[in-house]
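Sequence positions in the sequence shown follow our numbering and run 7 to 486.
Input: a single structure, listed below in structure tokens.
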Amino acid sequence: MPNKALNDLTRQVHEDLEKIAYASGPWVSSVLTHHGEPVLDVAVIGGGQGGLATSFALRRIGVHNVRVFERAVKGQAGPWVTFARMITLRTPKHVTGPDLGIPSLTPRAWFEARYGADAWRSLGKIDRRDWQEYLDWYRDTLSLPVEHDRELVEITWQDGLLHLGFKDQEGSLHSVWARRLVLATGIEGSGSWHVPEFVRNNVPGHLYAHTHQPIDFEALRGKRIGVLGGGASAFDNAATALEAGAQSVAVCIRRKTLPRINPYRWMENAGFLAHFPALPDLTRWRFMRRIFDLNQPPPQDTFWRCSRHDGFSFHGDTPWLDARRDGETIRVTTPHGEKVFDFLIIGTGFVIDFSKRPETASFAQNIALWGDRFSAPEGEESAVLDSYPYLGPQSQFLPREPEHPDSAMLGMIYNFTFAATPSMGLSGASISGMRYGVDRLARAIAGDLFVQDGEKHLESLLAYDAEELVSLGREGEEQA
Ligand SMILES: Cc1cc2nc3c(=O)[nH]c(=O)nc-3n(C[C@H](O)[C@H](O)[C@H](O)COP(=O)(O)OP(=O)(O)OC[C@H]3O[C@@H](n4cnc5c(N)ncnc54)[C@H](O)[C@@H]3O)c2cc1C
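Next comes the structure, spelled out in structure tokens:
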């Protein structure tokens, strides 16, 4: 139940936006219909923080004919109250994002209205459930145009427009025409969550789960759990299993030890966040090799959430080489011998692979990747970075073969997922990247639309005849 302070804040947001409304009116000369059906200027896929903030940023700069499509039902977008098992965000509380610099829209303003200024002062990090509540308030306060229960499953190019095919949870199909498309489909939005082949092939589904999947932690009480991976999600799930009464939880990683340095904290400066895309390829490559090499340590409080339990153990230099079922237990082969578990939690993140997404599978083979456009100097190779899309300066897809029939369509699609990172720096799929990434994306799309319609805007100017000097007579006299 929104409290008075939140109602006041909502009113404040509206007043603030009104105060800065100059030049935010609609200016795009939209293609209104095609075959009698409406045409959007921009379709945004994904109703998470990225998609919501993008639609707001577009509206602020006069691009109003926009709709956001989300496959989940209301309040279930993103990881925060679905599969995330951390207690708080991993990001420090001062990191703003969706607010785009408007103080009354910040997470802090919302939190203080919700819980009071003292609560903010004593707050460590924002609880993930509060973050979702903030995003719900943000969506509703800004009346953002989100259509839920719409999964994008197909993108085709017809008559110079994108034709988007959606499916709802009942399996009914819907379609929309659009001039531009933003894929804000999440951290794994350009590929899929990854489970090593030997687990997929050798371990039955009821004996393992990836960290993004539902897990019945109660059923893990008294069990021996093996966790593969050293990222924050692996430790979040390890801690949740320990708190649910698991007998033992062994976290195993390939590296000798956990990374301790978090490059995200270094990246949180306006220079890097705003200007990384302007760097030459080799420099961007070297930045990303270092950032991917460093990876991210689990937050300190998350590690302590595990290590406070006697049943917790951590194993560096312990890659899993194979796994096999033995009754209702799993025998995992490591270089240091066999480990026996009752259940496996796979925290190996995601891979970039557009052929794995229904919405991009039909043209995946023509999306230019770093491996197609850049050859790393000897000793600086990275198969992982090679697999990421080599995006254009506006975060748009580029064709592998410029002559390919898909090429025109690709330029109309902007990637705002984690896959954009090697090309654009922090942008989609991180709170830290939103402040500059969302604005840059919205201005890029608006720029593309303005230039595409340049002649139309000129015609509109040439036809402009609204007189400002309406009287050459004396003030108050009938118009002369
Ligand atoms: C467990 C977890 C914890 C994280 N914690 C942090 C953190 O503390 N701080 C931080 O900065 N970052 C964090 N991140 C990274 C990042 O901020 C989040 O992934 C965040 O959710 C990204 O926002 P988004 O809007 O890009 O994607 P999401 O919030 O994932 O939203 C994308 C939406 O797109 C929808 N979608 C996907 N495909 C389709 C389709 N074909 N059709 C229609 N809808 C579709 C999905 O249902 C989803 O709701 C975390 C990520 C994870 C997975």
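No residue lacks a Cβ here, since even glycine has one placed at the ideal position from N, Cα and C.
- request: Could you tell me which of V50, E483 and D412 sits nearest to G434, measuring between CA atoms?
  value: Mapped onto the sequence shown, residue 434 falls at position 428. Of the listed residues, the one whose Cα sits closest to G434 is V50.
query: Should the region 345 to 357 be regarded as contacting the region 207 to 215, the criterion being three or more beta carbon pairs within less than 8 Å?
result: Yes, the region 345 to 357 is in contact with the region 207 to 215.
query: Taking the alpha-carbon positions, what's the K229 to R206 distance?
result: Walking along the sequence shown from the start, residue 229 turns up at place 223. Walking along the sequence shown from the start, residue 206 turns up at place 200. Their backbone Cα atoms lie some 21 Å apart in a straight line.
query: Which residues in the same chain have their Cβ closer than 6 Å to the Cβ of S35, if we skip the five residues on either side of it in sequence?
result: Sequence index remark: in the sequence shown, residue 35 carries index 29 (1-based). Closer than 6 Å at Cβ, skipping near neighbours: D459 and K462.
query: When the Cα of T427 is compared with those of M294, P364 and A414, which residue comes out closest?
result: If you number the sequence shown from 1, residue 427 lands on position 421. Of the listed residues, the one whose Cα sits closest to T427 is M294.
- prompt: When you compare only the Cα positions, how much space is there between D332 and V338?
  reply: Here residue 332 is taken as the residue at index 326 of the sequence shown, counted from 1. Here residue 338 is taken as the residue at index 332 of the sequence shown, counted from 1. Spanning the two alpha carbons is a distance of roughly 10 Å.
message: Can you tell me where the alpha helix (DSSP H) holding G377 begins and where it ends?
response: Taking the sequence shown and counting its residues from 1, one reaches residue 377 at position 371. It spans W376 to R379 - the alpha helix (DSSP H) in which G377 sits, taken as one unbroken run.
field: When S128, Y121, W116 and D165 are compared against L141, the one with the closest alpha-carbon
entry: By one-based count along the sequence shown, residue 141 stands at place 135. Among S128, Y121, W116 and D165, the Cα nearest to that of L141 belongs to W116.
query: How is the alpha helix (DSSP H) around I67 delimited, first residue to last?
result: Mapped onto the sequence shown, residue 67 falls at position 61. Looking at the DSSP string, I67 is not in any alpha helix (DSSP H), and its letter there is neither H nor E.
- prompt: Just curious, the alpha helix (DSSP H) that A125 is in, first and last residue?
  reply: Walking along the sequence shown from the start, residue 125 turns up at place 119. A123 to S128 is the extent of the alpha helix (DSSP H) around A125.
For L15, the three-state DSSP class (helix, strand or coil): In the sequence shown, residue 15 corresponds to position 9, counting from 1. If DSSP states are grouped into helix, strand and coil, L15 belongs with the helices.
message: Quick check on E365: buried or exposed, where buried means 16 or more other Cβ atoms within 10 Å of its Cβ?
response: Indexing the sequence shown from 1 puts residue 365 at position 359. When all chains shown are included, E365 counts as buried.
field: Sub-8 Å separation of T324 and I259 beta-carbons
entry: Indexing the sequence shown from 1 puts residue 324 at position 318. Indexing the sequence shown from 1 puts residue 259 at position 253. Closer than 8 Å, so yes.
query: Measuring from the CB of S393, is there a heavy atom of ligand 1 at a distance below 7 Å?
result: Your numbering for residue 393 matches position 387 in the sequence shown. Checking the Cβ of S393 against ligand 1 gives no.
message: Counting only C-beta atoms, is V444 closer than 8 Å to chain E at any point?
response: Checking the listed chains, one finds no chain E in this structure; it contains a single protein chain.
query: In angstroms, rounded to a whole number, what distance separates the CA positions of S110 and H180?
result: Position 104 of the sequence shown, counted from the first residue, corresponds to residue 110. Position 174 of the sequence shown, counted from the first residue, corresponds to residue 180. If you take the alpha carbons of S110 and H180, they lie about 37 Å apart.
message: Suppose you measure from the CA of I451 to the CA of R186; what does that come to, to the nearest Å?
response: Residue mapping note: residue 451 aligns to position 445 of the sequence shown, counting from 1. Residue mapping note: residue 186 aligns to position 180 of the sequence shown, counting from 1. Approximately 8 Å between the Cα atoms of the pair.
field: Cβ-based neighbour list, W199, same chain, cut-off 6 Å, excluding 5 preceding and 5 following
entry: Taking the first residue of the sequence shown as 1, we reach residue 199 at position 193. For W199, where only same-chain residues beyond five positions count, the Cβ hits under 6 Å are H216, H218 and F356.
task: Could you spell out where the beta strand (DSSP E) holding I231 opens and where it closes?
output: On the sequence shown, residue 231 is found 225 positions in, with the first residue counted as 1. Its beta strand (DSSP E) spans residues R230 to L234.
- prompt: Can you list, in chain order, the residues of its chain whose CB lies under 8 Å from that of G237, leaving out five sequence neighbours each side?
  reply: Translated into positions along the sequence shown, residue 237 becomes position 231. Here the set comprises N301, Q302, P304, G353 and G355.
query: Residue range of the alpha helix (DSSP H) that E461 falls in?
result: Position 455 of the sequence shown, counted from the first residue, corresponds to residue 461. Element bounds for E461: G460 to L468.
task: Consider the C-beta atom of T112 and the heavy atoms of ligand 1; say whether any pair is separated by less than 7 Å.
output: Working through the sequence shown from its first residue, we reach residue 112 at position 106. No, ligand 1 has no heavy atom inside 7 Å of this Cβ.
query: Can V74 and L189 be called in contact, C-beta distance under 8 Å?
result: By 1-based counting over the sequence shown, the position of residue 74 is 68. By 1-based counting over the sequence shown, the position of residue 189 is 183. No.
Rounded distance between the beta-carbons of V255 and G166, thought under 8 Å: Taking the first residue of the sequence shown as position 1, residue 166 is located at position 160. Taking the first residue of the sequence shown as position 1, residue 255 is located at position 249. Not quite, the Cβ-Cβ distance comes to about 55 Å (not below 8 Å), so this is no contact.
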